[in-house]
Every structure is written in C-alpha cells, then in structure tokens.
Ligand SMILES: [Zn+2]
C-alpha cells in the first residue's frame, strides 16, 4: 500500500511540474493583436469618412430643396398678388360696366333724357352711342371673363405649388432624419476610437517590450523567452535584508509587508488580500520574479500598481501590488524577496493606506490573454503566500 501512495504522489507531482505552455502566449499573438486593432481602427476611420461624405451629400440635397421651397414660396406670393390684382381689376370693370349699363338703361327707357345725357344731335347719333355702350359693356364682360379665368388658373397653380412644397418639406424632413441617423452612428463610432487606439498602443508596447527582452515572434512569452526567475527562500540579488520578522515559506514565497495586519481577506467581490500597516511601509514582492508593469494607467481609479510575473516550476504566477505611493523598481527588473519594490499608499479607490495584493495563475493582467481570462485566473494569494 505504501508503494501506491508513492506512485500517486509521483503522478500528481509530475502533473504539477508540467508547464502549461498552451495557456501562455507567443509574441506573434501580440503582433497579431496590433494588426487586428490597427485594421479595426482603419475600418472605423473609413466608415466615418464615408458617413461624412454621405452627410455632406445630404446637406447639399437639403439646401437644394430649401432653394426650391423658397422659389416656390416666392412664386406663390407672386401668384397671390396677381390674383388680388385681377380681383381688383374685375371689381373696377364691374363698376364701370354697371355705370355704363345704368346709362344704357336710362337712355333706352327714357327718351326725355336722351339729349341731356348723350348730348345727341340725332337719333342716329343716339343709336351709335348706345351701340358704343353695348360694345363697351360687352368688352368689359370679356375682360372680366378673361380675368376670372386667370384667377382660376393662378389658384390652381398656387394649389399645385403648395402641394409641391409639402412634398419637398417631407423629403427634407426624411433627409434630415437620415442625416441625424448617420451623424449619430459617426458619433458612436468616434466614441470607440480612443479605446481601439489604446489597444493598439498597449499591444505595440508589449511587442516592443518583449522584442527588447530578446523574444522572437514564435517565442512563448515567459516560457521560451524572458523567463522570470524562480522563487527562492534566499534573496539572490545580494540583498540579504528581507526585513526583520519576515514570514517566508518553504516554497520561496513570503508575505509582502513585514508585521502587517490583514484588514480584508480574499473572498466574494474582494479578489485579493489587504495588508495594512503605516503609510510608506516597505513592500516586498511575494517571491522572486520580474516586474512587467508599473504605473497608474491600468486601473480605472488610477491606483499606482506594480505587476510581477513569477516562474513556479515553469508555471506562470502573477502578483499585483496596488494603491502604492511610490516605486522602487523598473519594468523588466528582476526582483527577489529582499527587494523593496515600493511603498504602501492610498492611491486609486482607497480610503486609507494599505496594500491590495492580487494573484493569478497562467494569465496575468496586461501580460497575456484578455482581461476576463485574467479575472477568471485570480486565486487566493494564500495558495502560495505563507500565512
Ligand atoms: Zn483590497
């Protein structure tokens, strides 16, 4: 039975010892990401340029329609003036005709007034004068009929123009809503441009960083190139000072702060362990490893952070130190348990000086894979860190 235990233990150990190379990423993948986001940015820019051209075209159409509407309105005004003028003319002619007819009635009915009214010196003259009146009224009637016809025509034209204008207004309003739709689309694309640019920037930085660390496209980062140092119980950098009372485990991991109080444990929404001591307390890495990020650009609340990658028997383990008030290391620097990497602070989303220690396996924040792969890989730091 003892032999079985040894066999099982050996099998388990050998599984633990197998580096999870498949979950690490090659430099090529970063290069591909640069290309992918660059293509995405170009696509967005092309779409926005296309939209701008479409909007310009629509604007030109709208201004043309507005011109047509204005012209039609002017035409309508002119027609209305003409109608009014014709109406006045009709009224005038009517009055004139009535006056003539009145005379005509008078002369045809009352002989006694003939001489007086027409000053006619003969009956022939009188008949002539009557015929003139008849012709005049007849003429006026014709003019009035013509004017009536003109009014009708102008009214019809006005109706047609009003109808045309209504159609133009409808067209204008549908063009306007199309224009608004395109402009809204452009604005929403525009809103995503900074994030795409940020991604390009980020992956470009990664590529140049790992190229600078001697990685080639086919290299698996942290596994076949830029391999971080292995955790060790003793500092290797010549700095033997790990801090008086440091808690160091046999696996080469240590507590990041000497004599700190654990103010918030890992669990629930809290994806790390909080260590509290005075502001400015020195912070050590949980194990020997390599600094691959320092700054306050990754965290939404602007917390100052250091990110370190560790090589635990070929497996990548990551540690994050947040809310720092100062750094003592540079990106690319190898650190060990004797290195003071920074100082306890309260930067970012924090109400007092403390250290937020977060750890993950296989995937590191801003190291490989996507952010959600990283968040799924977060572990309880006490899996490695001694209590
Ligand atoms: Zn915390």
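Residue numbers (my numbering): 21 to 407.
We treat Cβ as the ideally placed atom computed from N, Cα and C, and that holds for glycine.
This structure is a prediction, so every number in the text was calculated from the model and none was measured.
Reduced DSSP category for residue i - H, G, I as helix; E, B as strand; rest coil
| i | result |
| --- | --- |
| residue 364 | coil |
| residue 331 | strand |
| residue 233 | coil |
| residue 344 | coil |
| residue 106 | helix |
| residue 62 | helix |
| residue 197 | helix |
| residue 206 | helix |
| residue 338 | strand |
| residue 296 | strand |
| residue 50 | helix |
| residue 311 | strand |
| residue 287 | strand |
| residue 407 | coil |
| residue 326 | strand |
| residue 248 | coil |
| residue 45 | coil |
| residue 302 | strand |
| residue 277 | coil |
| residue 240 | strand |
Other residues of its chain near residue i: CB distance less than 6 Å, five sequence neighbours each side excluded
| i | result |
| --- | --- |
| residue 337 | 330, 381 |
| residue 178 | 96, 99 |
| residue 404 | 273 |
| residue 353 | 311 |
| residue 348 | 360, 361, 362 |
| residue 206 | 68, 71 |
| residue 262 | 357, 358 |
| residue 322 | 316, 368 |
| residue 7 | This structure gives no information on residue 7, because the portion of the chain shown stretches from 21 to 407. |
| residue 113 | 160, 163, 164 |
| residue 339 | 306, 328, 379 |
| residue 320 | none |
Span separating the alpha-carbon of residue i from that of residue j
| i | j | result |
| --- | --- | --- |
| residue 366 | residue 281 | 16 Å |
| residue 115 | residue 102 | 20 Å |
| residue 343 | residue 397 | 21 Å |
| residue 383 | residue 394 | 5 Å |
| residue 312 | residue 45 | 15 Å |
| residue 171 | residue 65 | 58 Å |
| residue 364 | residue 341 | 9 Å |
| residue 222 | residue 185 | 55 Å |
| residue 92 | residue 86 | 10 Å |
| residue 243 | residue 58 | 27 Å |
| residue 309 | residue 355 | 5 Å |
| residue 377 | residue 248 | 19 Å |
| residue 107 | residue 144 | 37 Å |
| residue 214 | residue 318 | 15 Å |
| residue 208 | residue 346 | 38 Å |
| residue 183 | residue 176 | 11 Å |
| residue 334 | residue 293 | 25 Å |
| residue 299 | residue 271 | 29 Å |
| residue 301 | residue 332 | 27 Å |
With 16 other Cβ atoms within 10 Å as the buried cut-off, status of residue i
| i | result |
| --- | --- |
| residue 290 | exposed |
| residue 155 | exposed |
| residue 72 | exposed |
| residue 305 | buried |
| residue 369 | exposed |
| residue 238 | exposed |
| residue 401 | buried |
| residue 251 | buried |
| residue 385 | buried |
| residue 148 | exposed |
| residue 80 | exposed |
| residue 388 | buried |
| residue 314 | buried |
| residue 174 | buried |
| residue 283 | exposed |
Cut-off 8 Å between Cβ atoms - residues of its own chain near residue i, not counting five sequence neighbours on either side
| i | result |
| --- | --- |
| residue 189 | 89 |
| residue 47 | 227, 230, 231, 235, 236, 237, 238, 239, 241, 245 |
| residue 54 | 220, 223, 224, 227 |
| residue 202 | 71, 74, 75, 78 |
| residue 82 | 192, 195, 196, 199 |
Min CB distance residue i to chain B below 7 Å
| i | result |
| --- | --- |
| residue 303 | The chain labelled as chain B is not found in the depicted structure, where only one protein chain is given. |
Cut-off 7 Å between Cβ atoms - residues of its own chain near residue i, not counting five sequence neighbours on either side
| i | result |
| --- | --- |
| residue 267 | 274, 275, 406 |
| residue 120 | 153, 156, 157 |
| residue 279 | 265, 297 |
| residue 211 | none |
| residue 217 | 61 |
| residue 198 | 78 |
| residue 285 | 293 |
> Quick one: complete alpha helix (DSSP H) runs, 4+ long, within the stretch 346-398?
Replying inline: 391-396
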